[in-house]
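Under my numbering, the letters of the sequence shown match residues 549 to 702, in that order.
Built from N, CA and C at the ideal position, the CB exists for glycine as well.
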Amino acid sequence: MILVLLWLAVCLMPVPLAVRSLELATGQVGTPGTLRVVWCEALGEGRYDCRGWFTPDRGGPAVEVAASPDSEPGDVRRAQLTPEGDRAVQAGPKGVLAALSLPGMGLAGLGFLPYVVMYWLEARRGRRAAVTGGVLVTAAGTVLMVAGLVAAYS
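As structure tokens, then:
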């Protein structure tokens, strides 16, 4: 039973973690504008630190901010500045898809949980439906996750 609860927790945890990113990507919080990535520094082991200039749509001075580590110098994109003013994230449909990639992974992980519970309880009825539902839910979560990753890195 503990394993089932842990499985459930691990798969549902991405949802509250994605709320802030979704709010930024949809423009509910932060300042809309344009991000121009100026430089990226390799930190080793495939990690990068990128910085750029964010120019608000309403005018005002450009501010230096942290950019997504998947950026490249010279990238110019629509972005949303966090309320703290230290980071700019991609806005619009690509930003929303990128923010949904982690919840998509959680959804994919939840797909077969009903079947596992039924198997554990030795329930014979409904297992075939649980497998069919698991395949569909896992496929939907995988598609959402892959679409988010493609949007984030394109």
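Cutting at 7 Å between CB atoms, please list the residues of its own chain near LEU697, excluding the five before and the five after it.
SER649, listed in sequence order.
For LEU553, the residue or residues it bridges with in DSSP
Residue pairing of LEU553 in beta bridges, as defined by DSSP: absent, with no partner found.
Cβ separation of VAL624 and THR582, assumed to be a contact under 8 Å, to the nearest whole Å
Under the criterion of beta carbons closer than 8 Å, VAL624 and THR582 qualify as touching, at roughly 6 Å.
As a quick exercise: from ALA614, GLY633, ALA566, pick the residue whose alpha carbon is nearest that of GLY654.
Comparing Cα-Cα distances from GLY654 to each of ALA614, GLY633, ALA566, the minimum goes to ALA566.
Ordered along the chain, which non-local residues of its own chain (more than five positions away) have a Cβ less than 8 Å from that of VAL664?
Excluding positions up to five away in sequence, the list reads VAL552, TRP555.
Would you mind working out which of GLU620, ARG672, LEU692 sits nearest SER702, comparing C-alpha positions?
Closest option to SER702, Cα to Cα, is GLU620.
Straight-line gap, ALA678 to PHE602 (C-alpha atoms, nearest Å)
Taken atom to atom, the span from the alpha-carbon of ALA678 to that of PHE602 is near 48 Å.
Which same chain residues end up closer than 7 Å to PRO580 when comparing Cβ atoms and leaving out the 5 residues on each side of it in sequence?
Within the same chain, Cβ atoms closer than 7 Å to the Cβ of PRO580 are found at ASP605, GLN628, ALA639, the five residues on either side in sequence being excluded.
Pop quiz: PRO662 and GLY681 are said to be a contact at Cβ under 8 Å. What is the actual Cβ separation, rounded to whole angstroms?
Right, the Cβ-Cβ distance comes to about 7 Å (below 8 Å), so this counts as a contact.
Which of the three DSSP states, helix, strand or coil, is assigned to PRO621?
In the structure shown, PRO621 sits in coil (DSSP, three-state: anything other than H, G, I, E or B).
Report all residues from its chain with a CB closer than 6 Å to the CB of GLU589; omit the five preceding and five following residues, and keep chain order.
Closer than 6 Å at the Cβ level, and outside the excluded window around GLU589, lie ASP597.
When DSSP builds the beta bridges, which residues end up paired with TYR663?
For TYR663, which the question treats as bridged, DSSP gives no partner whatsoever.
Ends of the beta strand (DSSP E) at VAL585?
Its beta strand (DSSP E) spans residues 579 to 592.
Check this for me: beta carbons of ARG599 and ALA614, under 9 Å apart or not?
Cβ distance < 9 Å, so ARG599 and ALA614 count as in contact.
GLY657 versus ASP634 - alpha carbon distance:
Rounded to whole angstroms, GLY657 to ASP634 spans 33 Å at the Cα level.
Pop quiz: ALA700 and ALA636 are said to be a contact at Cβ under 8 Å. What is the actual Cβ separation, rounded to whole angstroms?
Between ALA700 and ALA636, the beta carbon gap of about 14 Å keeps them out of contact (Cβ cut-off 8 Å).
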